[in-house]
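Number of protein chains: 2
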Amino acid sequence: MSLHNIRVVLVNTSHPGNIGGAARAMKNMGLSRLVLVDPQDFPSPEADARASGATDILENARVVGCLEDALVGCRLAFGTSARDRRIPWPLLDPRECASVAYDEVAKGGEVALVFGREYAGLTNEELQRCQFHVHIPSDPEFSSLNLASAVQVLGYEARMAWLQQQGASDRPQKSQGDERGEEGLERVTSDELERYFRHLEQTLVDIGFLDPQHPRHLMSRLRRLYGRCAIDRVEMNILRGILTETQKAARGEPHKRRKD
Amino acid sequence: MSLHNIRVVLVNTSHPGNIGGAARAMKNMGLSRLVLVDPQDFPSPEADARASGATDILENARVVGCLEDALVGCRLAFGTSARDRRIPWPLLDPRECASVAYDEVAKGGEVALVFGREYAGLTNEELQRCQFHVHIPSDPEFSSLNLASAVQVLGYEARMAWLQQQGASDRPQKSQGDERGEEGLERVTSDELERYFRHLEQTLVDIGFLDPQHPRHLMSRLRRLYGRCAIDRVEMNILRGILTETQKAARGEPHKRRKD
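If you read the sequences in order, they're chains U and C. Position 259 of the first sequence, counted from 1, bears residue number 259 in full-length UniProt numbering, the numbering being contiguous throughout. Position 29 of the second sequence, counted from 1, bears residue number 29 in full-length UniProt numbering, the numbering being contiguous throughout.
And the structure:
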């Protein structure tokens, strides 16, 4: 595993000082890849000052326009979140997050730790682009951590997981949690999953199962279901193939003809 | 154990902003007792600003002249330290520190987490007043954490130790391996899953995706995929509903009519 396969994504950050503080916390913990989604003020001397020497991380930071672009190539995204959301999602504490992230990175995948706005956090839509939510166990009476502090805690747990594994590196590789058997196929990336969800949504509209005027929580529930399945590429091809055939059926194309 | 038996001691802090940031991190983690040894600028509006509402901790902070005074009444002191000191000392990582501290506090004792100056840390004399040294495992190439971040990490581990001891009573019960979040729905039974697979198989035949004469491994792969998803009842109803609508589409029923 390399800690470099863990990217830190900061969404719509208000204060450049927090971006600098996050960069410093990352570098302290051996993380290097920072992605900024629509930052309000960057680059900035305040970010440089708070980075305290972690300026290489700021200089190499990638700036993108939306969370989807930030997650391209990631197999797993972990969204930091306050506790109660209307649709419960797989919820981890920072230590569990590091363990799940580590398992993925050990297989060569990339993962993202996603942090929201200082005052408003991540939107529900952004949270639903993440396969897991992470909650830092804070005092419910005073629960909102400084952004750089939150990056520090998740980065610290990532480093602890990495160090533990380094200590155990002479042990045989274990693939615990991989319930797919010995095939060892890799799970698809976030962007492939997003394309699947778009295809699924359109298909559900085509067959009349999803009413675009009243979508309710249908897509959220399906996102949560498929998000936790660790779908590999062969499975994704099957699922996409089913959708394509379903759409043809909805258009009234008899399938006998499709076999010609 | 009460987290209130853990005091945070900041020695000779230069920047009042760091005192405020430390107060915020403490309050986030449920710690309340701050002791300042000879702070260079306190009280200060900058400390208040960075405390972001944790002003009660600043107002109740005790200011003393030397570390010895700060430690009065403590059974154990943990001094944060870079790794190599000339005199080797019992060295803990933050998790071990929380565990040792917890054992003492559980017996009714008070303990102190001691943090040094921003640039120079603790002197050897100060470190030798501590029974244990704590090292936050940072990248050796860039090892100096922001003071408030260091307080955050040790406070986080203290809270994790406390929560574990509480029996995680602060968190809703979740069964292991249940990655569905906190809704607490049970996964469907094997026979419900079997009925789903039969329905799925028939639907795939209906839309022409599965050739009953040459099924190959299609259903095996789908069984493995959905079998590992721990599908709950609400999700199963959605999946079954999608199949039913797909079958109607395959029969050529326009879905507008189905809504009448």
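Just so you know, even glycine gets a beta-carbon here, dropped at the ideal spot from N, CA and C.
Notebook entry, point to check: F115 of chain U CB to nearest chain C CB: under 7 Å?
Noted result: no
Notebook entry, point to check: Quick one, which of U:D206, U:K248, U:S149 and U:I231 has its alpha-carbon nearest I242 of chain C's?
Noted result: U:D206
Notebook entry, point to check: Among C:D56, C:L200, C:R50 and C:A112, which has the Cα closest to the Cα of G73 of chain C?
Noted result: C:A112
Note to self: So, does the stretch 114 to 130 of chain U touch the stretch 139 to 151 of chain U, judging by three or more C-beta pairs under 8 Å?
What the structure shows: yes
Margin query: With H, G and I counted as helix, E and B as strand and the rest as coil, what does DSSP make of L71 of chain U?
Written below: Looking at L71 of chain U - three-state DSSP - the assignment turns out to be coil, as it is neither helix nor strand.
Margin query: 7 Å is my cut-off, CB to CB: does R129 of chain C come that close to chain U?
Written below: no
Check: Are three or more beta carbon pairs between the stretch 62 to 73 of chain C and the stretch 91 to 103 of chain C nearer than 8 Å?
Finding: no
Notebook entry, point to check: How would you label E110 of chain C, buried or exposed, when you count the other beta carbons within 10 angstroms and need 16 or more for buried?
Noted result: Buried: at least 16 other Cβ atoms inside 10 Å.
Item checked: Collapsed DSSP secondary structure at V153 of chain U in the structure displayed -> helix
Margin query: Closest to L222 of chain C by C-alpha separation, out of C:I238, C:A230 and C:F197, would be which residue?
Written below: C:F197
Next item on the list: My understanding is that L185 of chain U touches D232 of chain U, with C-beta atoms under 8 Å, so please give their C-beta distance in whole angstroms.
Entry: 4 Å
Notebook entry, point to check: Whose C-beta lies closer than 7 Å to the C-beta of E46 of chain C among residues of the same chain, with five residues either side of it excluded?
Noted result: P16, G17 and G20
Note to self: With DSSP as the reference, identify every bridge partner of F78 of chain C, one or two as the case may be.
What the structure shows: C:L113 and C:F132
Margin query: So Q152 of chain U contacts chain C; which residues on that side make the cut at Cβ distance below 7 Å?
Written below: S149, Q152 and V153
Notebook entry, point to check: Taking C-beta to C-beta, are F209 of chain C and E245 of chain U nearer than 7 Å?
Noted result: yes
Notebook entry, point to check: On the premise that S99 of chain U lies in contact with R161 of chain U, defined as a C-beta separation below 8 Å, what is that separation, rounded to the nearest angstrom?
Noted result: The residue asked about is misnamed: residue 161 of chain U is Ala in this sequence, not Arg. With a Cβ gap of about 6 Å, A161 of chain U and S99 of chain U count as contacting.
Check: Counting contacts by CB-CB distance shorter than 7 Å, is G252 of chain C in contact with chain U?
Finding: yes
Notebook entry, point to check: Name the DSSP bridge partner or partners of R33 of chain U?
Noted result: U:R7
Next item on the list: Report the partner residues of V63 of chain U according to the DSSP bridge assignment.
Entry: U:L36
Margin query: Taking 7 Å as the threshold (beta carbon to beta carbon), is P137 of chain C in contact with chain U?
Written below: yes
Next item on the list: Provide the residue(s) that pair with L92 of chain U in DSSP beta bridges, ordered along the chain.
Entry: U:V134
Notebook entry, point to check: So what's G121 of chain U in DSSP terms, helix, strand or just coil?
Noted result: strand
Notebook entry, point to check: Under a Cβ-count criterion, where at least 16 other Cβ atoms within 10 Å of its own Cβ denotes burial, should T189 of chain C be classed as buried or exposed?
Noted result: exposed
Item checked: Identity of the residue in U:Q131, U:G79, U:P43 and U:A25 nearest V11 of chain U by Cα -> U:G79
Margin query: Tell me the DSSP secondary structure of R251 of chain C in three-state form.
Written below: Coil.
Next item on the list: Going by DSSP, name the residue or residues bridged to residue 266 of chain C.
Entry: No information on residue 266 of chain C is available, as it lies outside the stretch 1 to 260 that chain C covers here.
Checklist line | CB-CB length for V158 of chain C against L3 of chain C, believed under 8 Å | finding: First, the amino acid is wrong: residue 158 of chain C is Ala here, not Val. 6 Å between Cβ atoms; contact.
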